[in-house]
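Residue numbers (full-length UniProt numbering): 1 to 477.
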């Protein structure tokens with residue numbers, strides 16, 4: 001989400017309503033002053049406004065050239081004709097469009113903005129499902145789009161959810177497309193005649209550096225679970241199509257499928273979720289072989305048994321991000337450190353002593369996420385010592401437990417604050433913890449662990465989404 005940060009603070013835009021940010025190709029120039037209702041920043045290259053002013057100042061804004069734009073908490077282009085018309089005119093030359101809490105269909109956006117190179121849907125609110133008759137929505141291959149990326153927290157996903165019709169429509173109409181941040185097994189199946197029954201298939205992603213196969217989600221207040229897992233055939237088919245792949249996210253249900261990941265050559269960021277339909281995947285064997293083969297800087301494991309952090313440290317010395325969820329972590333203390341680790345996410349099933357050893361081995365952490373009640377309690381326990389985490393700026397405590405249930409108190413929390421001198425942002429659902437930080441750490445920004453806007457607005461978009469939301473909350477997805 002680096003492109004989001006170029007336009008605005010990502011934490012600010014997630015909470016924003018009626019915000020439009022425009023990035024100029026070059027500093028504002030010309031005989032005309034900046035229009036009323038528009039604010040030009042100190043660099044003279046970024047304009048902040050709202051929807052009403054954006055529409056009202058369309059004629060003045062079209063005289064400038066914008067390279068990127070961000071709309072946060074805005075109406076759907078499909079339902080606000082004046083906004084749509086203004087955006088089409090003002091953003092004719094824009095190559096990047098960021099939509100926070102988007103409410104439009106992807107293919108409508110592709111049709112409306114054919115000059116885009118990058119489309120970012122941050123916290124996508126729209127369930128991206130299409131009817132089959134929409135396959136030819138754009139007609140000729142007129143789009144210059146190269147990347148479609150984003151997240152869908154309302155669905156419990158850290159990537160986009162795009163239906164097969166949307167995926168195929170994108171590929172059929174965007175011949176420069178090289179990255180789609182969404183599960184791609186449907187596309188992989190189409191490009192393998194043995195899987196699809198259709199000869200020919202679709203063009204390969206020779207320059208693509210990210211691939212998601214299978215899908216998983218995390219329910220509110222619940223663990224991660226698999227929605228769709230892929231077979232060894234999917235991975236075998238993907239390997240020659242993605243020869244430059246750097247980031248692979250897979251959801252699998254067998255060790256045979258896991259073994260095929262070794263067919264890739266250049267993986268730097270690897271995420272493995274083992275399906276709940278199968279027993280926990282043993283850490284030894286295929287997982288360790290993958291750690292030995294790839295020079296990883298990001299690793300995420302879910303539903304893996306007896307994870308040995310000392311082995312991870314031995315083979316992944318360049319690791320910058322480590323996450324494990326629903327894993328059984330072996331009890332151990334280890335001297336091997338993670339000198340470059342910046343982001344750490346720890347789920348349940350890790351002992352207090354192993355957690356302390358792990359934290360002591362990460363001197364350069366900037367983000368720490370503790371993703372279960374028990375892990376939060378182990379970290380906050382007033383009876384336990386913890387290493388100083390001098391560089392942690394963001395602390396995520398995924399718990400709604402009271403301060404008492406967490407085994408801590410005000411004195412212990414004040415001690416925690418002293419050990420976190422760089423802390424600037426805390427995410428938690430614990431009212432007691434929030435009250436403490438509000439009163440004793442006014443410099444620390446507070447937010448909930450889930451997006452309030454996604455929770456409130458997703459079911460309102462359509463009747464279908466209301467039904468989907470009910471299914472998500474009941475665990476029937």
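Backbone N, C-alpha and C define an ideal beta-carbon position, used for all residues, glycine too.
*Is it a yes or a no for the segment 61 to 76 touching the segment 6 to 24, going by three-plus beta-carbon pairs under 8 Å?*
Verdict: yes, contact present.
*Going by CA-CA distance only, name the one from 123, 209, 24, 388 that's closest to residue 157.*
The residue with the shortest Cα to Cα distance from residue 157 is 123.
*Going along the chain, which unbroken runs of the beta strand (DSSP E) with 3 or more residues stay wholly within the segment 393 to 453?*
You should have 394 to 397, 425 to 428, 445 to 447.
*Supposed close pair residue 148, residue 170 - CB separation, criterion 8 Å*: The C-beta distance from residue 148 to residue 170 rounds to 7 Å, short enough to meet the 8 Å contact threshold.
*Identify the residues that DSSP records as bridge partners of residue 274: which are they?*
Answer is 252, bridged to residue 274.
*alpha helix (DSSP H) containing residue 292: first to last residue?*
For residue 292, the uninterrupted alpha helix (DSSP H) segment begins and ends at 288 to 293.
*Can the beta-carbon of residue 258 be found less than 7 Å from the beta-carbon of residue 234?*
For residue 258 and residue 234, no; Cβs fall outside 7 Å.
*Residues bridged to residue 150 by DSSP?*
Checking the DSSP bridge columns, you'll see residue 150 partnered with 121.
*Measuring CB to CB, does residue 393 end up less than 7 Å from residue 434?*
Cβ atoms of residue 393 and residue 434: not closer than 7 Å.
*Could you please give the first and the last residue of the uninterrupted beta strand (DSSP E) stretch that includes residue 46?*
Boundaries of the beta strand (DSSP E) harbouring residue 46: 46 to 49, taken from the DSSP string.
*From residue 109 to residue 363, what distance separates their C-alpha atoms?*
Residue 109 and residue 363 have their C-alpha atoms roughly 44 Å apart.
*Assign residue 479 to one of two classes, buried (16 or more other C-beta atoms within 10 Å of its C-beta) or exposed (fewer than that).*
No answer is possible for residue 479: it lies beyond the span of the chain, which begins at 1 and ends at 477.
*Starting from residue 301, follow its DSSP beta bridges and name the residues at the other end.*
Paired residue(s): 272, 324.
*Where residue 237 sits in the DSSP three-state scheme*: If DSSP states are grouped into helix, strand and coil, residue 237 belongs with the helices.
*residue 66 vs residue 116 beta-carbon contact at 7 Å*: Taking 7 Å as the cut-off, the Cβ atoms of residue 66 and residue 116 do not count as close.
*Near residue 197, what residues of its chain come up, given a Cβ to Cβ distance below 7 Å and the 5 sequence neighbours on each side ignored?*
Below a pLDDT of 50, predicted positions are generally treated as unreliable, and residue 197, at 46, falls in that range; the measurement from the model is reported next regardless. Taking C-beta separations shorter than 7 Å and ignoring five residues to either side along the sequence, residue 197 has no partners in its chain.
*By a C-beta neighbour count over all protein chains shown, 10 Å radius and 16 as the cutoff for buried, is residue 130 buried or exposed?*
The residue in question, residue 130, is buried, as its Cβ has 16 or more Cβ neighbours within 10 Å.
*Could you give the distance in angstroms between the alpha-carbon of residue 179 and the alpha-carbon of residue 410?*
Taking C-alpha positions only, residue 179 is separated from residue 410 by approximately 48 Å.
*Neighbourhood of residue 303 by C-beta, 6 Å cutoff - its chain only, sequence neighbours within 5 removed*: Excluding sequence positions up to five before and after residue 303, its CB lies within less than 6 Å of the CB of 274, 280, 326, all in the same chain and listed in chain order.
*Hey, out of 319, 255, 404, whose CA is closest to residue 292's CA?*
Taking only the C-alpha atoms, the option nearest residue 292 is 319.
*Which one of 407, 370, 248, 373 has the shortest CA to CA distance from residue 384?*
Just measuring C-alpha positions, the residue of 407, 370, 248, 373 sitting nearest residue 384 is 407.
*Boundaries (first-last residue) of the alpha helix (DSSP H) holding residue 66*: Note, residue 66: premise wrong, no alpha helix (DSSP H); beta strand (DSSP E) at 66 to 72.
*Might you give, ordered along the chain, the residues of its own chain that have their beta carbon closer than 8 Å to the beta carbon of residue 469, omitting 5 neighbours on each side?*
Result list for residue 469: 154, 458, 459, in chain order.
_Could you check whether residue 52 and residue 89 sit closer than 7 Å to each other, using their CB atoms as the reference points?_
Using a Cβ distance threshold of 7 Å, residue 89 and residue 52 do not count as a contacting pair.
*Where DSSP assigns a beta bridge to residue 282, which residues make up the other side?*
DSSP output for residue 282 lists 305 as bridge partner(s).
*Buried versus exposed call for residue 398 [16 or more other C-beta atoms within 10 Å across all chains shown]*: By the neighbour-count criterion, in which 16 or more other beta carbons inside 10 Å mark a residue as buried, residue 398 falls on the buried side.
*Going by C-alpha distance, which of 343, 254, 262 is nearest residue 365?*
Comparing alpha-carbon positions, the option among 343, 254, 262 lying closest to residue 365 turns out to be 343.
*At what residues does the alpha helix (DSSP H) containing residue 3 begin and finish?*
For residue 3, the enclosing alpha helix (DSSP H) stretches over residues 2 to 7.
_Host alpha helix (DSSP H) of residue 58 (start-end)_ = Where residue 58 is concerned, the enclosing alpha helix (DSSP H) stretches over 58 to 61.
_Euclidean distance between Cα positions of residue 195 and residue 237_ = With a pLDDT of only 45 at residue 195, under the threshold of 50, the placement of this residue in the model should not be trusted; the figure read from the coordinates follows. In a straight line, the C-alpha of residue 195 is about 9 Å away from that of residue 237.
*Considering only residues of the same chain and omitting the five flanking positions on each side of residue 370, which have a CB-CB separation below 6 Å?*
346, 376, 379, 397, listed in sequence order.
*Please report the residue range of the beta strand (DSSP E) in which residue 212 lies.*
Residues 210 to 213.
*Skipping 5 residues on each side, what residues in its chain have a beta carbon closer than 6 Å to that of residue 374?*
Apart from the 5 residues on each side of it in sequence, residue 374 sits with its Cβ closer than 6 Å to the Cβ of 348 in its chain, given in chain order.
_Beta-carbon proximity check, residue 311 vs residue 290, cutoff 7 Å_ = Residue 311 is not a Cβ neighbour of residue 290, given a cutoff of 7 Å.
*CB of residue 3 within 7 Å of CB of residue 120, strictly*: For residue 3 and residue 120, yes; Cβs fall inside 7 Å.
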